[in-house]
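Each residue of the sequence shown is one higher than the one before, starting from 243 at the first, in this note's numbering.
The structure appears below as structure tokens.
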Amino acid sequence: TTTTSASAASDRGLQSIDHKSAFVLGLAESQGTLAVVSALLAGFSYSGFCSVTREELERVHFVVQYAFSLSNALSASMALFVTIVCSLCEQQGRVARSFAVLRSHEPEFEDTVHEWWKSFAQIRTNAVFLFIYSIPVFFVSMACISLIKLPAGPCIVAVGILMAAGLAVFHQLLLVNDLFRVQILQFFTGSGGFAPPSLDLEPTPEAVPAAKLNRSLSKAI
């Protein structure tokens with residue numbers, strides 16, 4: 243009985259020690275989800291870019307030509323950026339967690355992992371927002387392909403549906419992200435939409451007033 247109690251206490255101690263690297267692992271896995279979706283968007287954008295021939299492009303107005311080139315290039319580039327950055331974050335986060343498990347006898351290594359993850363929070367925050375804003379660009383690129391490929395009647399229908407869907411998805415993404423930032427990250431995010439979360443275990447005194455202000459503004463809107 244004594245041995246069992248000691249073992250249970252030891253397990254609880256190890257669990258309390260490794261919670262920081264487990265926290266990092268959870269965030270790293272969320273980056274991997276964005277990487278997968280962004281990779282799909284990048285592939286679709288590149289396929290659309292390659293589906294249009296030079297002859298087809300020369301037959302449309304020069305505004306459509308530039309809109310097509312700009313939207314497809316931006317969509318593919320933004321999605322590839324998010325894919326590469328988030329994939330690297332996930333890979334390194336998983337490796338860091340593995341090292342923390344290996345060095346579980348050194349509790350201070352947990353702090354090292356936590357501080358390392360916090361050091362590039364702004365990069366991860368930028369990747370999330372870039373992912374959100376790549377969605378409407380992707381819909382614009384598909385609308386441009388419709389303008390190039392389809393006759394007038396079907397083109398109007400396709401462009402109308404794509405624009406409506408793009409606006410709806412973009413609005414929902416902004417709404418979901420704002421609710422998450424205000425209600426979940428309310429004590430860990432500074433003022434401003436692009437401010438990265440502090441990722442500290444306890445809220446900072448500076449973050450609490452800003453979070454309350456953000457929440458009040460969100461309710462007012």
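Cβ coordinates follow ideal geometry from the N, Cα and C atoms, glycine included.
Rounded straight-line distance, which links the Cα of residue j to that of residue i
i: residue 404; j: residue 334; result: 37 angstroms
i: residue 380; j: residue 424; result: 27 angstroms
i: residue 285; j: residue 318; result: 7 angstroms
i: residue 328; j: residue 412; result: 21 angstroms
i: residue 395; j: residue 283; result: 27 angstroms
i: residue 374; j: residue 287; result: 15 angstroms
Beta-carbon separation (whole angstroms), residue i vs residue j, contact threshold 8 angstroms
i: residue 266; j: residue 339; result: 6 angstroms
i: residue 342; j: residue 357; result: Not quite, the Cβ-Cβ distance comes to about 12 angstroms (not below 8 angstroms), so this is no contact.
i: residue 388; j: residue 400; result: 4 angstroms
i: residue 376; j: residue 321; result: 5 angstroms
Helix, strand or coil at residue i according to DSSP, with G and I counted as helix
i: residue 303; result: coil
i: residue 426; result: coil
i: residue 317; result: helix
i: residue 296; result: helix
Member of the options whose CA lies at the smallest distance from the CA of residue i
i: residue 274; options: 336, 354, 349, 361; result: 336
i: residue 385; options: 307, 281, 420, 297; result: 307
i: residue 316; options: 291, 414, 426, 406; result: 291
i: residue 278; options: 303, 263, 326, 420; result: 326
i: residue 293; options: 391, 414, 416, 420; result: 391
i: residue 324; options: 347, 406, 397, 366; result: 366
i: residue 261; options: 376, 416, 350, 372; result: 350
Close Cβ partners of residue i (< 6 angstroms) along its chain, the five nearest in sequence each way excluded
i: residue 382; result: 313
i: residue 332; result: 270, 273, 274
i: residue 378; result: 408, 412
Same chain, Cβ closer than 7 angstroms to residue i, neighbours up to 5 away in sequence not counted
i: residue 302; result: 389, 390
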